[in-house]
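If you want my numbering, it's the 1-based position in the sequence shown plus 25. Quick reminder that beta carbons are idealized off the backbone N, C-alpha and C, glycines included. Take a look at the structure below.
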Amino acid sequence: MHEMSMGGTDTGQAAQVTFAGLWADLLPVGRDAVSGGYRRYSWTEPDWACRAWFARTATGLGLRTDCDRNGNLWAWWGEPERTDSAAIVTGSHLDSVPDGGAYDGPLGIVSAFTAIGRLREAGFQPARPIGVAAFTEEEGARFGVACLGSRLLTGAITPDAARELRDADGVTLAEAMRAAGRDPGAIGPDDELLGGIGAYVELHIEQGSALADLSAPIGVGNGIWPHGRWRLDFTGRADHAGTTRLADRRDPMLPYAATVLAARAAAQRHGGLATIGKVVAEPGAANAISSAVSAWLDARAPDEAALDQLVTEVWDAGQTAAAENGVTVALRRESVTPPVSFDQGLRERVVGVLAAAGLYAPALPTGAGHDAGVLAARIPAAMLFVRNPTGISHSPAEHAEAADCAAGVTALTAVLTDLAGE
Ligand code: GLV
Ligand code: MN
Ligand code: MN
């Protein structure tokens, strides 16, 4: 079912783990000393250190660890390939955006291992396998496509398209995987693995402040807005900043700037969100007009029609401004995720379990993307959110209080007990 076992066996001999202990062990990995943010990009050194942490932690808990053909990590309590009972999987991701926070992704995995440690200590005997997954390249920070590991697993991206994705240095995913000792020829949908999973429940820090506003430590996701990333490449002509008359310029920075403003206005018109958070100007001289500017548009909206309209308007504005400035512009769609409505039966069951445990957990929609949203196309999926007091995320300032993280572990433990119990 999986290849390249990373070692570890389901011995049932589990070391005691605490949330604080696991958290402290992972915390320094990939943290930039200056910004305090994380730079954990797939198939780089910090990613290897995260993978080693995952394997060490899982093995300490007596779980068997695997890396699937797509580079996603799995830790198993029980043997999914030897049972007819569909597994319950929880997890999240360990990679980060540039200078990301500590919680986005790792909170779900640390909470999953802590919950399993608790179940082990309590003598819980799962009636079906329980898995912890760490999906690779969830943020798309290195290769541009968000949720790449879960997209490959579910067939939401073709292996050929994925192999050709390039990082900022021009390295393809295929090359990066090969350099990491993995076989890029083996990537692609894994129906056998997916077919053995009955439900996926991802715990994640909330990336907004809805729970803080509701004074609730935990929430249950009900859906994800449609969203995507588009790259606009403006090509102009490099020239001297001190001698080129304004009328003679073909400056790609001007249509780029107009596009940033158009994105903001279009988002406002459509009740959505639009962000240009990444821009590369070539060749990047302070005293020269740029030859080219690439800008990445991240757009999200409550429904697909609004999202399409929003992106069309931004693209129209970019083309108009480019033509006015003697610049050419090309649009490339990097990844688009349709709207997600999490499985109603699973959601109601989770809410019921939490209510029985005395946890008030309001339902929340979110504009943030998650592997759970990609998996939801193939298997029942649900999400638990942990309160974020400021709502700040994708930033070193991201934070969750220890008491809320503890409530998250309690919630996840209750959900696993219910879903994996008799
Ligand atoms: C994932 O964090 C996203 O960009 O929504
Ligand atoms: Mn994120
Ligand atoms: Mn995340």
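Run the CB neighbour count on residue i, radius 10 Å, all protein chains shown included, and call it buried at 16 or more, exposed below.
i	result
Asn312	exposed
Asp185	exposed
Gly394	buried
His265	exposed
Thr337	exposed
Glu373	exposed
Asp273	exposed
Asp276	buried
Gly398	buried
Leu335	buried
Along the chain, where does the alpha helix (DSSP H) that runs through residue i open and close?
i	result
Asp333	Glu329 to Glu349
Tyr281	Met278 to His295
Pro390	Unbroken run through Pro390 is the beta strand (DSSP E), Ala388 to Thr391; no alpha helix (DSSP H).
Asp429	Ala427 to Ala445
Arg145	Pro131 to Glu146
Phe79	Glu70 to Gly85
Thr179	Leu173 to Thr179
Phe44	Phe44 to Leu51
Measuring straight from C-alpha to C-alpha, what distance separates residue i and residue j?
i	j	result
Tyr128	Asp192	24 Å
Ala40	His295	52 Å
Leu173	Ile182	8 Å
Ala326	Ser117	23 Å
Leu298	Pro242	25 Å
Leu144	Glu217	27 Å
Tyr281	Val352	10 Å
Ala112	Leu219	10 Å
Gly244	Gly267	56 Å
Leu379	Thr115	16 Å
Phe79	Glu349	53 Å
Pro71	His424	21 Å
Ala431	Glu227	16 Å
Which one or two residues does DSSP pair with residue i in a beta bridge?
i	result
Glu307	Ala317
Glu227	Gly116 and Met408
Ala299	Ala324
Ile249	Val365 and Thr391
Ser360	Arg254
Val157	Ala100 and Thr115
Val354	Phe259
His265	Ala313
Glu63	Strictly speaking, residue 63 in this sequence is Tyr, with Glu absent from that position. In the DSSP output, where bridge partners are listed per residue, Tyr63 has Arg56 and Gly125.
Ile243	Val411
Taking only heavy atoms of ligand 5 into account, decide whether any of them is closer than 8 Å to the Cβ of residue i.
i	result
Gly130	Summarising the ligand content, the structure contains ligand 1, ligand 2 and ligand 3 and does not contain ligand 5.
Within 9 Å of any Cβ in chain B, is that where the Cβ of residue i sits?
i	result
His295	The structure shown contains no chain B; it holds only a single protein chain.
Go to residue i, then tell me how far its beta strand (DSSP E) extends in each direction, as first and last residue.
i	result
Trp101	Leu98 to Trp102
Thr90	Arg89 to Cys92
Exercise for the section: Tell me, please, whether the region 114-134 touches the region 44-60 by the rule of three or more beta-carbon pairs shorter than 8 Å. Expected result: Result yes; three or more Cβ-Cβ pairs closer than 8 Å.
Problem - Inter-stretch contact at 8 Å, needing at least 3 Cβ pairs: the region 313-322 / the region 200-216 - result: no
Handout entry: At least three beta-carbon pairs within less than 8 Å, the region 223-240 to the region 415-432
Key = Yes: the two stretches touch, three or more of their Cβ pairs being nearer than 8 Å.
Handout entry: Stretch pair the region 375-387 + the region 157-177: three plus CB contacts closer than 8 Å
Key = no
Problem - Inter-stretch contact (C-beta, 8 Å, three-pair minimum) for the region 275-294 and the region 342-356 - result: yes
Problem - the region 212-223 touching the region 89-98, judged by at least three CB pairs closer than 8 Å - result: Yes: the two stretches touch, three or more of their Cβ pairs being nearer than 8 Å.
Handout entry: the region 358-372 contacting the region 300-310, beta-carbon criterion three pairs below 8 Å
Key = no
Problem - Segment contact, 8 Å Cβ cut-off, at least three pairs: the region 83-90 with the region 100-108 - result: Segments in contact, yes.
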